[in-house]
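Under the working numbering, the first residue of the sequence shown is numbered 32, with each subsequent residue one higher.
Every residue, glycine too, gets a C-beta built ideally from N, C-alpha and C.
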Amino acid sequence: MNGEEIPQEAVQHEFDRLARLYLENGMSAEELKGNVEKLLTQAQEQAIGAKLLLLRAKDLGITPDELVSKTCSGTPDPDEKEMEEFYRANRDAFGGAEFVQVQTKVRDFLRHAARSRVLAVFISELRASAKIEYRDA
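Given below as structure tokens:
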């Protein structure tokens, strides 16, 4: 990618992270085994995105964390109406807790989701201007 190779360790790190995430969110070990190829592809794409962020941050003379913060800084926080709608649509996931009890969790979740979308668009823009070559493992 742009003359830089993605180390297999980076792909493995992303694969392990994704596998943990899926297992923690209800995917069975059997389902995970059945989706190894899909997860490997996803891990490779995640590693490419991470490398693109790293290279862009280096070009700008800042850290990757600073680049992510700068990229997401204009993302608005969810408003009360949006949080209440999300809560009502996902009430069962909160185990019967009242909105006021989970309001901070809802806000944090929606804030993270919005920033993730902004970051995904930014990475897509970086990908569009990058030369990415895939090699067989």
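Local Cβ density within 10 Å of residue i, reported as buried at 16 or more and exposed below that
| i | result |
| --- | --- |
| P109 | buried |
| A128 | exposed |
| I163 | exposed |
| Y118 | buried |
| R87 | buried |
Backbone secondary structure at residue i - three-state DSSP
| i | result |
| --- | --- |
| K69 | helix |
| G126 | coil |
| R166 | coil |
| D47 | helix |
| I93 | coil |
| E36 | coil |
Same chain, Cβ closer than 8 Å to residue i, neighbours up to 5 away in sequence not counted
| i | result |
| --- | --- |
| L71 | V42, F46 |
| K82 | M32, E35, I37, A41 |
| L54 | A60, L63 |
N- and C-terminal bounds of the alpha helix (DSSP H) containing residue i
| i | result |
| --- | --- |
| R119 | 111 to 120 |
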